[in-house]
Amino acid sequence: GVVPSATGRGNRIGGGPDPALVANVRNALRDALHAAVTLKIVQNGRTFTLVDAEERALSVVGDGKEKQDEHRGVRLTAAGRWEAPLFTITREYEDGTVIVDSYSTFSDPRQLVATSTISNRHMTEKPVIINRVYDPLER
Numbered sequence: 009g010v011v012p013s014a015t016g017r018g019n020r021i022g023g024g025p026d027p028a029l030v031a032n033v034r035n036a037l038r039d040a041l042h043a044a045v046t047l048k049i050v051q052n053g054r055t056f057t058l059v060d061a062e063e064r065a066l067s068v069v070g071d072g073k074e075k076q077d078e079h080r081g082v083r084l085t086a087a088g089r090w091e092a093p094l095f096t097i098t099r100e101y102e103d104g105t106v107i108v109d110s111y112s113t114f115s116d117p118r119q120l121v122a123t124s125t126i127s128n129r130h131m132t133e134k135p136v137i138i139n140r141v142y143d144p145l146e147r
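With the working numbering, you'll find the sequence shown wraps up at 147, consecutive numbering, no jumps.
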């Protein structure tokens with residue numbers, strides 16, 4: 009069947025966001041906040057693919073260009089930027105929520121540090137910042 013899109017901006021009484029859209033974005037955020045137990049980053053030229061423990065993959069080109077994407081029924085704009093030693097992915101959702109994930113590696117000790125900054129351009133609250141540190145898997 010056809011699923012109606014959850015845009016409906018401005019045509020609701022009271023002008024609040026569409027509850028279905030809010031729920032979708034909340035689910036997407038829960039995914040983003042759910043720290044991957046393991047994280048593999050594969051670089052192929054300027055394309056970076058991140059794979060978590062559940063084998064969910066996200067591929068982003070580190071050229072800074074925005075591209076429209078869809079994740080679990082939620083439309084978003086994603087852009088990746090590679091400025092050694094930092095790789096950054098910026099995702100902006102329909103409701104104004106912005107998630108910036110940055111990844112950097114350190115050699116001594118060898119670790120990957122992932123930082124997520126979550127904010128909403130419509131709200132005045134301070135951004136939420138989450139740091140995760142990954143140790144290399146010894147093979």
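For every residue, glycine included, the Cβ atom is placed at its ideal position computed from N, Cα and C.
Counting every other CB atom within 10 Å of its CB across the protein chains shown gives Val136 a total below 16, marking it as exposed. When rounded, the separation of the alpha-carbon atoms in Glu63 and Ala44 is 10 Å.
Measuring C-alpha to C-alpha distances from Leu66 to each of Gly81, Gly72, Arg83 and Lys48 identifies Lys48 as the nearest. Under the 10 Å beta carbon count, Thr46 is surrounded by fewer than 16 other beta carbons and is classified as exposed. Straight across, the Cα-Cα distance linking Asp143 with Phe114 is about 10 Å. Note that the C-beta distance between Val82 and Leu29 is below 9 Å. Taking a C-beta distance under 9 Å as the contact criterion, Asp77 and Thr96 do not qualify as a contact pair. DSSP, read as helix, strand or coil, puts Leu145 in coil. Fully contained in the region 108 to 133 are the following beta strand (DSSP E) runs of length 3 or more, in chain order: 118 to 128. Listed in chain order, the non-local C-beta contacts of Asp103 below 8 Å within the same chain comprise Pro25, Leu29, Val30, Val33, Asn128 and His130, local neighbours out to five positions each way being set aside.
Around the C-beta of Leu58, 16 or more other C-beta atoms lie within 10 Å, and the residue is accordingly described as buried. Per DSSP, Val69 is one residue of the beta strand (DSSP E) stretching across Ala65 to Val69.
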